[in-house]
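Colleague:
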Amino acid sequence: RFWSAVNGEVIVDYNGPNIGDYNLPITRIMVNNTYSGGYANVESRSTGLEVWDGFPCEWKMSCYNYDVTPPSIPSSLVLEISKYKSSAMVLLSWKPSSDDVGVAGYNIYRNGKEIGVITSADTSFSDSISGAATGIAYSYTVKALDVAGNLSGASSVALAVY
Numbered sequence: 518r519f520w521s522a523v524n525g526e527v528i529v530d531y532n533g534p535n536i537g538d539y540n541l542p543i544t545r546i547m548v549n550n551t552y553s554g555g556y557a558n559v560e561s562r563s564t565g566l567e568v569w570d571g572f573p574c575e576w577k578m579s580c581y582n583y584d585v586t587p588p589s590i591p592s593s594l595v596l597e598i599s600k601y602k603s604s605a606m607v608l609l610s611w612k613p614s615s616d617d618v619g620v621a622g623y624n625i626y627r628n629g630k631e632i633g634v635i636t637s638a639d640t641s642f643s644d645s646i647s648g649a650a651t652g653i654a655y656s657y658t659v660k661a662l663d664v665a666g667n668l669s670g671a672s673s674v675a676l677a678v679y
């Protein structure tokens, strides 16, 4: 969610995915931009700029109308492994999660540690295991993330033995 006010007057209140041009995530907000290079002119200065990690309740906005419901748990996690001499390729796929506002992506975990983040509706992920000894077991799980940052519970575990 992006919310902005000037002198206490709300000028934008956007709820939705943080995906911009070329299907890339929006990762920053540029307050002053001189486009032609060089230095910002006097008219483009900002004073009293504040950046918060939450939304202010006192600025004509309720703190009780935000999304607190996590997405559904990803289901039917399937694992395929292709073994090679010194490495393996693991392909994971699952059924998509649902959410009351929208699913923003998925976090992928190997042996409990996050190894990847998908910031789209894709429901597959490839992992390369290299330099591992044979007979080692790897457990994979997936969690869904919604646009408000709520994380679902973990999917069922899929095991790969290299």
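First residue of the sequence shown: 518, per my numbering; consecutive thereafter. Built from N, CA and C at the ideal position, the CB exists for glycine as well.
Would you mind reading off the limits of the beta strand (DSSP E) that contains residue 586?
Modeller: The residue you call residue 586 lines up with position 69 of the sequence shown. Element bounds for residue 586: n/a, residue is neither H nor E.
Colleague: Shortest alpha-carbon distance to residue 620 belongs to which of 542, 589, 527, 673?
Modeller: The count along the sequence shown starts at 1 and reaches residue 620 at position 103. With distances taken between Cα atoms, residue 620 lies closest to 589.
Colleague: What do you reckon, are the CB atoms on residue 662 and residue 629 nearer than 7 Å?
Modeller: Working through the sequence shown from its first residue, we reach residue 662 at position 145. Working through the sequence shown from its first residue, we reach residue 629 at position 112. Contact: no.
Colleague: Start and end of the beta strand (DSSP E) containing residue 661?
Modeller: Taking the first residue of the sequence shown as position 1, residue 661 is located at position 144. Element bounds for residue 661: 654 to 663.
Colleague: Looking only at DSSP bridge pairs, what is residue 596 linked to?
Modeller: Indexing the sequence shown from 1 puts residue 596 at position 79. Bridge partners of residue 596: 609.
Colleague: Enumerate in chain order the residues of its own chain whose CB-to-CB distance from residue 635 is below 6 Å, with the five nearest sequence positions on each side excluded.
Modeller: Numbered from 1 along the sequence shown, position 118 holds the residue referred to as residue 635. Same-chain partners within the cutoff: 622, 623.
Colleague: Nearest-angstrom Cα distance between residue 607 and residue 664?
Modeller: Reading the sequence shown from its first residue, position 90 is the one you call residue 607. Reading the sequence shown from its first residue, position 147 is the one you call residue 664. Looking at the two C-alpha atoms, the distance is approximately 28 Å.
Colleague: Looking at the structure shown, is residue 538 part of a helix, part of a strand, or coil, going by DSSP?
Modeller: Here residue 538 refers to the residue found at position 21 when the sequence shown is read from its first residue. Of the three classes helix, strand and coil, the one that applies to residue 538 here is helix, per DSSP.
Colleague: Just the C-alpha distance for residue 618 and residue 603, rounded to the nearest angstrom, thanks.
Modeller: Looking up residue 618 in the sequence shown gives position 101. Looking up residue 603 in the sequence shown gives position 86. Approximately 43 Å between the Cα atoms of the pair.
Colleague: Just reading off the beta strand (DSSP E) that residue 634 is part of, what are its end residues?
Modeller: The count along the sequence shown starts at 1 and reaches residue 634 at position 117. Where residue 634 is concerned, the enclosing beta strand (DSSP E) stretches over 630 to 635.
Colleague: Alpha carbon to alpha carbon, how far is residue 592 from residue 614? Give it in angstroms, no decimals.
Modeller: Counted from its first residue, the sequence shown places residue 614 at position 97. Counted from its first residue, the sequence shown places residue 592 at position 75. Approximately 8 Å between the Cα atoms of the pair.
Colleague: Assign residue 659 to one of two classes, buried (16 or more other C-beta atoms within 10 Å of its C-beta) or exposed (fewer than that).
Modeller: Within the sequence shown, the letter at position 142 stands for residue 659. It is buried - the Cβ of residue 659 has at least 16 other Cβ atoms within 10 Å.
Colleague: Does DSSP put residue 531 in a helix, a strand or coil?
Modeller: Counting from 1 along the sequence shown, the entry for residue 531 is found at position 14. Residue state, collapsed to three classes: strand.
Colleague: In whole angstroms, what is the alpha-carbon distance linking residue 520 and residue 666?
Modeller: Translated into positions along the sequence shown, residue 520 becomes position 3. Translated into positions along the sequence shown, residue 666 becomes position 149. Cα-Cα distance, rounded: 15 Å.
Colleague: Name the two residues that bound the continuous beta strand (DSSP E) containing residue 644.
Modeller: Taking the sequence shown and counting its residues from 1, one reaches residue 644 at position 127. Unbroken beta strand (DSSP E) run through residue 644: 641 to 647.
Colleague: Quick check: what's the CA-CA separation for residue 671 versus residue 626?
Modeller: Residue numbering aside, residue 671 sits at position 154 when the sequence shown is read from its first letter. Residue numbering aside, residue 626 sits at position 109 when the sequence shown is read from its first letter. Their backbone Cα atoms lie some 9 Å apart in a straight line.
Colleague: For residue 646, which residues from the same chain have a beta carbon less than 7 Å from its beta carbon, with the 5 sequence-adjacent residues on both sides left out?
Modeller: What you label residue 646 is simply residue 129 of the sequence shown in a count that begins at 1. So the qualifying residues of the chain are 604, 605, 607, 655, 679.
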